[in-house]
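Heads up: the structure comes next, in structure tokens.
Residue numbers (my numbering): 219 to 318.
Rendered as structure tokens:
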């Protein structure tokens, strides 16, 4: 997994590539939470994310709840077909703010 950060006009965009699994989920969680703590507008670009495990799904869910409680937003964009299938099967498409 690789995470690149781009900041512009108060929005932080994290471009995530590779796979999120048990070997790197802690790093993923730390990076997204750190970014969420520094902005009210977070964008996760998943265009190059190939796989997300159940542990990674948990991070997406807790992040969404955290920012929603503050009245902030997380936008998930550029989700490829494989990851969208995972989000669909697990019902996460109804829980996450996914832009197509």
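Where is the CB? At the ideal position from N, CA and C, for every residue including glycine.
Note that the coordinates shown come from a computational prediction; the quantities given were computed from them, not determined experimentally.
Run of the alpha helix (DSSP H) containing residue i, from where it starts to where it stops
{"i": "residue 248", "result": "243 to 256"}
Coarse secondary structure for residue i, derived from DSSP in three states
{"i": "residue 318", "result": "coil"}
{"i": "residue 236", "result": "strand"}
{"i": "residue 219", "result": "coil"}
{"i": "residue 260", "result": "strand"}
Member of the options whose CA lies at the smallest distance from the CA of residue i
{"i": "residue 261", "options": "231, 302 and 297", "result": "231"}
{"i": "residue 222", "options": "304, 267 and 276", "result": "267"}
{"i": "residue 299", "options": "270, 282 and 247", "result": "270"}
{"i": "residue 257", "options": "273, 226, 283 and 239", "result": "226"}
{"i": "residue 293", "options": "273, 305, 303 and 316", "result": "316"}
{"i": "residue 248", "options": "265, 276 and 286", "result": "276"}
{"i": "residue 282", "options": "220, 313, 233 and 224", "result": "313"}
Task: Any alpha helix (DSSP H) of 4 or more consecutive residues that is wholly inside the segment 264 to 311 - done: 272 to 288 and 299 to 308
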